[in-house]
Amino acid sequence: MGTRHKSSKRVRRRNPRAIGFAVFMSLALIAVVGMAWAVTSRNSQTDGSYASTYTPAPPAPVEVVPRIAFVGDSFTAGTGAPAGLGYTEFAAKNFGMVDQVTGEPSSGYITPGKLQRTMGQLIQIATKQSPAPEVVVLASGYNDNLGSPPDREAIRPAIREAFAAARTNNWGDSTIVVVGPWTPTGAPSANQIAVNDVLREEAAASGFAFIDSIATGLVTPDMIGDDKIHPTPAGHRILGERIAAHLQGLVPAQP
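First residue of the sequence shown: 1, per the UniProt record's numbering; consecutive thereafter.
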């Protein structure tokens, strides 16, 4: 019979350095998990004991640009000039303000315009605009016919009503300036002179400033286009500059 040999198993000994490294990594993992739990636990507290020290930056200041409102007829609506280049834009820019425009062609204090609105109705619409303007310019009267000879009392009640509307709503603190009727021919008619006189009288009675369009030669023939009524683009620019120059002496300086 053959001789049997007992099998023997060789026991492999682990490297002490490897064991130590494994232990170290285990402890490190436990520490990281513990720290994460602590942070989560603190952030989830609901007892109000944690007070943030974060202070938000103050909001940036909002620049408030002064506004000037214009109410009137086709001149004010910008007829004869490209959009955005009517006399109101030039006057506002030269005066350091932004314009708000309410204009209806063919309108007057007693004459309804193309949309059947008079100056008093246009003022009521304009007073609802926000924010309130620092300055208001009321420029109308050219389209009003007082008859022959002109009956000044035919227009006075409508002017008074319109001026009263200008002092309501959000124009109570605005400086209001009244402009006499336009004179595109350069030679004012008896009707235009009568309207101008009534506007001057009623502006004074209401405490409004007044620009005498006739005495100052505010509108001259060289500013007028081929239709013999409305300013050319250059005429609108000149008119805006002239109105701004008059406003300098009528309106208190803005802060």
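Cβ coordinates follow ideal geometry from the N, Cα and C atoms, glycine included.
State the start and end residues of the unbroken beta strand (DSSP E) segment that holds Gln124. Sequence index remark: in the sequence shown, residue 124 carries index 124 (1-based). Segment 119-126 is the alpha helix (DSSP H) holding Gln124; no beta strand (DSSP E) there.
Could you please give me the residues that DSSP links to Asp99 through a beta bridge? Here residue 99 refers to the residue found at position 99 of the sequence shown. Answer by DSSP bridge pairing, in chain order: Ile68.
I'd like the ranges of any alpha helix (DSSP H) spanning at least 4 consecutive residues and lying wholly in the segment 161-231. Those alpha helix (DSSP H) runs which fall completely within the segment 161-231 and span 4+ residues are 190-206.
In terms of residues, what are the limits of the alpha helix (DSSP H) holding Leu115? Taking the first residue of the sequence shown as 1, we reach residue 115 at position 115. Where Leu115 is concerned, there is no enclosing alpha helix (DSSP H), given that its DSSP letter is neither H nor E.
Can you have a look at Asp99 and say buried or exposed, based on whether 16 or more other CB atoms are within 10 angstroms of its CB? Numbered from 1 along the sequence shown, position 99 holds the residue referred to as residue 99. Burial call: buried.
For the candidate residues Ser148, Glu134, Gly249, whose alpha-carbon lies nearest to that of Thr175? Position 175 of the sequence shown, counting from 1, holds the residue named residue 175. Check the Cα spacing between Thr175 and each of Ser148, Glu134, Gly249: the tightest is with Glu134.
Could you tell me the distance, in whole angstroms, from the CA atom of Arg117 to the CA atom of Pro59? Residue mapping note: residue 117 aligns to position 117 of the sequence shown, counting from 1. Residue mapping note: residue 59 aligns to position 59 of the sequence shown, counting from 1. Straight-line measurement puts the Cα of Pro59 at about 44 Å from the Cα of Arg117.
Who pairs with Ala139 in a beta bridge, going by DSSP? Along the sequence shown, one-based indexing puts residue 139 at 139. Residue pairing of Ala139 in beta bridges, as defined by DSSP: Gly72, Val179.
Going by CA-CA distance only, name the one from Leu199, Val198, Gln192, Val179 that's closest to Arg242. The residue you call residue 242 lines up with position 242 of the sequence shown. The option with the nearest alpha carbon to Arg242 is Val179.
On the three-state DSSP scale, how would you describe Thr88? Position 88 of the sequence shown, counted from the start, is the residue given in the question as residue 88. Thr88 falls in the helix class under three-state DSSP.
What residue range is occupied by the uninterrupted alpha helix (DSSP H) comprising Leu239? Taking the sequence shown and counting its residues from 1, the one referred to as residue 239 is at position 239. Segment 233-250, the alpha helix (DSSP H) holding Leu239.
May I have the straight-line CA-CA distance separating Ala194 from Pro66, to the nearest angstrom? Locating residue 194 in the sequence shown gives position 194, counting from the first residue. Locating residue 66 in the sequence shown gives position 66, counting from the first residue. Within the model, the alpha-carbon separation for Ala194 versus Pro66 is close to 34 Å.
Proximity below 8 Å, CB of Ala126 to CB of Asn170: Residue mapping note: residue 126 aligns to position 126 of the sequence shown, counting from 1. Residue mapping note: residue 170 aligns to position 170 of the sequence shown, counting from 1. Contact flag unset, no.
According to DSSP, simplified to helix, strand and coil, what is Pro105? The sequence position of residue 105 within the sequence shown is 105, counting from 1. Of the three classes helix, strand and coil, the one that applies to Pro105 here is coil, per DSSP.
For the segment 135-145 against the segment 184-201, do three or more pairs of beta-carbon atoms, one drawn from each stretch, fall closer than 8 Å, so that the two count as touching? Below 8 Å, enough C-beta pairs join the segment 135-145 and the segment 184-201 to call them touching: three or more.
For Asn145, name the three-state secondary structure that DSSP assigns. Residue 145 sits at position 145 when you count from the first residue of the sequence shown. In the displayed model, Asn145 falls within coil according to three-state DSSP, outside both helix and strand.
Could you give the DSSP three-state label for Glu153: helix, strand or coil? The residue labelled residue 153 in the question sits at position 153 within the sequence shown. Residue state, collapsed to three classes: helix.
Buried or exposed for Pro188, going by 16 or more other Cβ atoms inside 10 Å? Taking the first residue of the sequence shown as position 1, residue 188 is located at position 188. That one is buried.
Less than 6 Å between C-beta atoms, sequence neighbours within five positions excluded: which residues of the same chain meet that for Ala244? One-based indexing of the sequence shown puts residue 244 at position 244. Cβ neighbours of Ala244 beyond the five flanking positions: Ala91, Asn94, Phe95.
Using CA coordinates, which residue listed in Ser107, Tyr87, Thr88, Ala81 is at the minimum distance from Asp73? For this step, residue 73 is matched to residue 73 along the sequence shown. Of the candidates Ser107, Tyr87, Thr88, Ala81, the one whose C-alpha sits nearest the C-alpha of Asp73 is Ser107.
When the Cα atoms are used, what is the spatial distance from Pro149 to Asp212? Here the question's residue 149 lines up with position 149 in the sequence shown. Here the question's residue 212 lines up with position 212 in the sequence shown. So the two alpha carbons sit approximately 21 Å from each other.
Please identify the residue among Val101, Leu199, Leu146, Ile68 whose C-alpha is closest to the C-alpha of Ile159. Counting from one through the sequence shown, the residue named residue 159 turns up at place 159. The shortest Cα separation from Ile159 among Val101, Leu199, Leu146, Ile68 belongs to Leu199.
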